[in-house]
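Quick note: the sequence shown uses our numbering, first residue 2, plus one each step.
Even for Gly, the Cβ is constructed at its ideal location relative to N, Cα and C.
The model shown is predicted, which means the values in this text are computed figures rather than measured ones.
Note sheet for the following structure.
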Amino acid sequence: MGAQCARLLRDRDARIRELENTMQLMVQHKTELESMHKADMDSANSVWDAKMQGEKARHEKEMGKMRDRLKRANDDLEEQSGYMQRLADKLSVSTQNEKRLEVKVQRLQNEIDHIEDVERITRGVDNFSVSGDETSTPG
Numbered sequence: 002m003g004a005q006c007a008r009l010l011r012d013r014d015a016r017i018r019e020l021e022n023t024m025q026l027m028v029q030h031k032t033e034l035e036s037m038h039k040a041d042m043d044s045a046n047s048v049w050d051a052k053m054q055g056e057k058a059r060h061e062k063e064m065g066k067m068r069d070r071l072k073r074a075n076d077d078l079e080e081q082s083g084y085m086q087r088l089a090d091k092l093s094v095s096t097q098n099e100k101r102l103e104v105k106v107q108r109l110q111n112e113i114d115h116i117e118d119v120e121r122i123t124r125g126v127d128n129f130s131v132s133g134d135e136t137s138t139p140g
């Protein structure tokens, strides 16, 4: 029975050493996997960072183009605004000139009417004295 116990103890010790070796291999394999995973993640992060830098650069370029377009549109709008203001000023001057001309035309018409009235009166007086009819009225 002593030889059998010794053999069982040796078998148990061998099995424990075998399990310890297997555990060491598994720990070593786990460490290797973690290291590979970290390297993969670092690589993936580097690729992601590069991609994001590219996206950021592209976005900034497009934003720059949009800013340039907005600036040109704003400049065009300011130019158009100045042009419209100049047109409005010209229209205002034209309107003022038109009103002045209307006043002058009205004055001239009044003068013409006055001259025509004077001519009618003068003709009426001439007709009155020529005909000798003292009862006729001018007109």
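Same chain only: Cβ atoms within 7 Å of residue i, ignoring 5 sequence neighbours per side
i    : result
R124 : none
Residues of its chain near residue i, where Cβ-Cβ distance is below 6 Å and the 5 sequence neighbours each way are ignored
i   : result
K57 : none
R13 : none
Other residues of its chain near residue i: CB distance less than 8 Å, five sequence neighbours each side excluded
i  : result
C6 : none
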